[in-house]
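Here's the structure we're looking at; comments come further down.
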Amino acid sequence: MKILVLAETDGGRVSEKSLPAIAFAQQKSPEAFTVLAIGDNLQCIETLTGYGAQAVLTVNHPALAKPLAERYAPVVAHYARQLGADAIVATTTTFSRDVLARVAGLLDAPMLSDIIALEQTDGKLVAKRPIYSANLIGTFEVEGSPVVMTVRGPAWGKPEPKGADSPVQTAEAPADIPTRSEWVRLQGGGGGRPDLTQARVVVSGGRPLKDPETFEKYIGGLADALGGAVGATRAAVDAGIAPNELQVGQTGKTVAPELYIAVAVSGSVQHLAGMKDSKVIVAINTDPEAPIFQVADYGLVADLYQVLPELTELLKNSKG
Ligand SMILES: Cc1cc2nc3c(=O)[nH]c(=O)nc-3n(C[C@H](O)[C@H](O)[C@H](O)COP(=O)(O)OP(=O)(O)OC[C@H]3O[C@@H](n4cnc5c(N)ncnc54)[C@H](O)[C@@H]3O)c2cc1C
0 MKILVLAETD GGRVSEKSLP AIAFAQQKSP EAFTVLAIGD NLQCIETLTG
50 YGAQAVLTVN HPALAKPLAE RYAPVVAHYA RQLGADAIVA TTTTFSRDVL
100 ARVAGLLDAP MLSDIIALEQ TDGKLVAKRP IYSANLIGTF EVEGSPVVMT
150 VRGPAWGKPE PKGADSPVQT AEAPADIPTR SEWVRLQGGG GGRPDLTQAR
200 VVVSGGRPLK DPETFEKYIG GLADALGGAV GATRAAVDAG IAPNELQVGQ
250 TGKTVAPELY IAVAVSGSVQ HLAGMKDSKV IVAINTDPEA PIFQVADYGL
300 VADLYQVLPE LTELLKNSKG
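One point on numbering: in numbering that gives the first Met the number 0, the residue at position 182 of the sequence shown is 181, and numbering is uninterrupted.
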């Protein structure tokens, strides 16, 4: 199977979010995968070169300086056709959902999203993916070629480093990049904190955090003491307590940090769908019956307003 991996970029830099898709390609087609990075004046290409790809293709063009799906999708489709790719793959993120759905449309190809396993059985590709808020695993048979896929990051992890670097090849942008949509701005709520989907530590807060100032003081304060990212429940987002881009869960982001601290989070199935792959889960909740305790490795039945200031202070002091 010839695989074309689409690297995630913000138009200027290659992101480490691309690595699970490379790990997937290494496992499924170690001898025949190519990585494609699109942008303008792309930096950090070395993030992609040490994993055994046949080549890392870079397409630089001023019209591709921002990651607009309308502009990137024809570039991906062009190189998928040129390479005769059997599969076009990226890690499941907002970027890939946006771009690859259009690629599937342009190639008239089937699309599989968020897959955690893929096998070839009797000449057919059979994929598994979490469904119903990750409470069930669905098995899907796909017909046709090429196949467009997003792969769930935590299921594939990081690729194995390989001895020699892959050659970096400059590739031309196709002549007819559509320019009907324009980049206006990127609105982020990270405030200099690590990216939510990449962070080693995530501290998430729920509806009882009252308002944005309280949320920032308690949840932001603990996250900063741990060098972590901030997440939120949908109830907190809907109540205007936290910005939309911090939402974790079925209709938010999927995270799998080494440590996830859920503060005043009830543990609805929709929230769990976005964080239950975390390595260690800590829950702080006044209700000992809260469902979050069923998935927590460590639980503290306590009022956040009492324990969070103490915990944050202790952590700050322990750093010396
Ligand atoms: C289609 C659909 C999609 C959804 N997608 C998502 C999603 O992506 N992400 C998501 O999070 N939700 C999602 N939801 C909403 C979800 O069902 C829950 O309503 C939501 O997760 C609850 O958020 P919460 O835990 O902040 O609030 P609550 O359910 O109100 O829970 C608050 C918790 O805080 C505890 N508490 C109260 N006061 C304190 C205190 N002082 N100290 C400590 N603990 C305290 C309470 O005991 C309670 O357990 C979705 C719902 C639907 C229908």
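Glycine residues also receive a C-beta, built at the ideal position from the N, C-alpha and C atoms. Computed from a prediction, not measured in an experiment: that's the story for all the values here.
At a cut-off of 6 Å, is residue i close to ligand 1 when judged by its beta-carbon and the heavy atoms of the ligand?
i	result
residue 117	no
residue 293	no
residue 203	no
residue 276	no
residue 233	yes
residue 92	no
residue 35	no
residue 284	yes
residue 129	no
residue 229	no
residue 237	no
residue 9	no
residue 207	yes
residue 210	no
residue 97	no
In whole angstroms, what is the alpha-carbon distance linking residue i and residue j?
i	j	result
residue 163	residue 256	30 Å
residue 173	residue 210	48 Å
residue 101	residue 20	18 Å
residue 165	residue 201	34 Å
residue 158	residue 152	11 Å
residue 230	residue 64	29 Å
residue 273	residue 112	15 Å
residue 110	residue 148	6 Å
residue 278	residue 259	8 Å
residue 220	residue 76	44 Å
residue 222	residue 204	11 Å
residue 41	residue 246	29 Å
residue 283	residue 306	9 Å
residue 84	residue 9	24 Å
residue 49	residue 34	11 Å
residue 193	residue 121	44 Å
Can you tell me where the alpha helix (DSSP H) with residue i in it begins and where it stops?
i	result
residue 104	93-106
residue 307	303-317
residue 81	68-82
residue 269	268-271
residue 13	Counting along the chain, residue 13 falls outside any alpha helix (DSSP H), and DSSP gives it neither H nor E.
residue 225	220-225
residue 293	291-294
residue 236	233-237
residue 154	152-155
Using a Cβ-Cβ cut-off of 6 Å (strictly less than) and excluding sequence neighbours within five positions of residue i, which residues of its own chain qualify?
i	result
residue 199	256, 257
residue 116	127
residue 71	37, 98
Thinking just about the alpha-carbon of each residue, which of the options is nearest to the one in residue i?
i	options	result
residue 144	204, 79, 31, 290	79
residue 67	53, 94, 55, 58	94
residue 262	250, 308, 237, 183	308
residue 55	69, 297, 240, 82	82
residue 108	30, 141, 89, 315	141
residue 252	74, 264, 233, 237	233
residue 316	244, 86, 302, 224	224
residue 16	171, 88, 77	88
residue 156	22, 264, 215	22
residue 195	48, 92, 33	92
residue 180	296, 62, 267	62
residue 207	296, 240, 267	240
residue 160	52, 44, 299	52
residue 73	227, 314, 171	171
residue 96	25, 183, 12, 6	6
Less than 7 Å between C-beta atoms, sequence neighbours within five positions excluded: which residues of the same chain meet that for residue i?
i	result
residue 27	0, 2, 117
residue 249	132, 269, 272, 273
The beta strand (DSSP E) that contains residue i, what's its start and end?
i	result
residue 113	110-114
residue 202	200-204
residue 54	54-59
residue 128	123-130
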